[in-house]
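Asker: Going by the numbering used here, the first residue of the sequence shown is number 614, and it counts up by one from there. Each residue gets a CB set at the ideal place from its N, CA and C atoms; glycine is no exception. All of these numbers come straight from a predicted model, not from anything done at the bench. Could you have a look at this structure, given as C-alpha cells, before my questions?
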Amino acid sequence: MASLKVAKGLVRDKAGKPSCESPSSFRIIILLRTVSQILERIIAARLLLAACSKGLIHATQCGSLPGLSTYDACLILLNYVKTLQRPRLKVSSLFLDIKAGFHNVDNPSLSSILREGGIPHYLVSWIASFLGECSCTLVFEGAPGTPAPIKVGAP
Numbered sequence: 614m615a616s617l618k619v620a621k622g623l624v625r626d627k628a629g630k631p632s633c634e635s636p637s638s639f640r641i642i643i644l645l646r647t648v649s650q651i652l653e654r655i656i657a658a659r660l661l662l663a664a665c666s667k668g669l670i671h672a673t674q675c676g677s678l679p680g681l682s683t684y685d686a687c688l689i690l691l692n693y694v695k696t697l698q699r700p701r702l703k704v705s706s707l708f709l710d711i712k713a714g715f716h717n718v719d720n721p722s723l724s725s726i727l728r729e730g731g732i733p734h735y736l737v738s739w740i741a742s743f744l745g746e747c748s749c750t751l752v753f754e755g756a757p758g759t760p761a762p763i764k765v766g767a768p
C-alpha cells in the first residue's frame with residue numbers, strides 16, 4: 614500500500630493573480646494513482662453503509678450522499694422555514710462553507726471519532742493506514758520536486 618501513499622502535486626498559477634509571492638497565487642492539483650482512487654470510492658461506500666446502519670447520518674444530510682442534491686437540501690430548508698413561520702416564529706439560517714475541512718483532518722482524531730461511532734474496526738484501520746505516512750511531491754513547471762511528508766489532511 615506504500616505506493617498508494619505517494620502523490621504528485623502539480624503547481625499551477627491562478628488566473629488573475631498578479632503576484633507570485635503569496636501561496637494563494639497558486640493552485641495545486643493532486644494527482645493520485647487510479648487504483649488509489651478506486652479503493653477510496655469502495656471504502657467511502659462501505660463507510661457510508663456503516664454510518665447509516667449506526668444512525669450516524671442525520672436525516673436531512675444531503676452532501677456526499679447518492680441521489681440527494683443541493684436542490685433536496687433547499688427543499689428541506691424551505692420546509693423547515695415554512696413550518697416554523699406558521700406559528701409566527703422568527704426564523705434564521707446559518708450557512709457554513711467547509712470546503713477546506715479536508716485539509717485539516719487529524720488522523721488520530723478521525724480514528725477516535727469513527728471508533729466511538731461504532732464503525733467496524735477494519736474500516737477504521739484502513740482509513741488510518743490510508744491517511745498515515747503519506748507524502749506529496751510538489752511539481753513546479755520545469756523543476757523536479759522533493760517528496761515531503763503530509764502530517765494533516767485527507768485526499
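Since H734 and G766 are thought to touch, with beta carbons under 8 Å apart, how far apart are those beta carbons, to the nearest angstrom?
Answerer: For the purposes of this step, residue 734 is taken as residue 121 along the sequence shown, with counting starting at 1. For the purposes of this step, residue 766 is taken as residue 153 along the sequence shown, with counting starting at 1. With a Cβ gap of about 23 Å, H734 and G766 do not count as contacting.
Asker: Confirm, please, whether the CB-CB distance from E634 to F743 is below 9 Å.
Answerer: In the sequence shown, counting from the first residue as 1, residue 743 sits at position 130. In the sequence shown, counting from the first residue as 1, residue 634 sits at position 21. Cβ distance not < 9 Å, so F743 and E634 don't count as in contact.
Asker: Compare the C-beta of R625 against all C-beta atoms of chain D and say whether one is closer than 9 Å.
Answerer: The structure shown contains no chain D; it is built from a single protein chain.
Asker: Does the structure place the region 745-756 close enough to the region 689-697 that three or more beta carbon pairs sit under 8 Å?
Answerer: no
Asker: Under the DSSP definition of a beta bridge, which residues are partnered with C749?
Answerer: Residue numbering aside, residue 749 sits at position 136 when the sequence shown is read from its first letter. The partner list for C749 (beta bridge, DSSP) reads A620, A761.
Asker: Can you give me the start and stop residues for the beta strand (DSSP E) that R640 sits inside?
Answerer: Along the sequence shown, one-based indexing puts residue 640 at 27. Boundaries of the beta strand (DSSP E) harbouring R640: 639-644, taken from the DSSP string.
Asker: Decide if I641 is buried, meaning its Cβ has at least 16 other Cβ atoms within 10 Å, or exposed.
Answerer: Within the sequence shown, residue 641 is the residue found at index 28, counting from 1. Exposed is the call here.
Asker: Measure the C-alpha to C-alpha separation of G680 and A686 and round it to an integer number of angstroms.
Answerer: As a working mapping, residue 680 is identified with position 67 in the sequence shown. As a working mapping, residue 686 is identified with position 73 in the sequence shown. Each residue's Cα considered, the two are about 12 Å apart.
Asker: By how many angstroms is the C-alpha of S682 removed from the C-alpha of G730?
Answerer: Residue mapping note: residue 730 aligns to position 117 of the sequence shown, counting from 1. Residue mapping note: residue 682 aligns to position 69 of the sequence shown, counting from 1. Straight-line Cα distance between these residues: approximately 25 Å.
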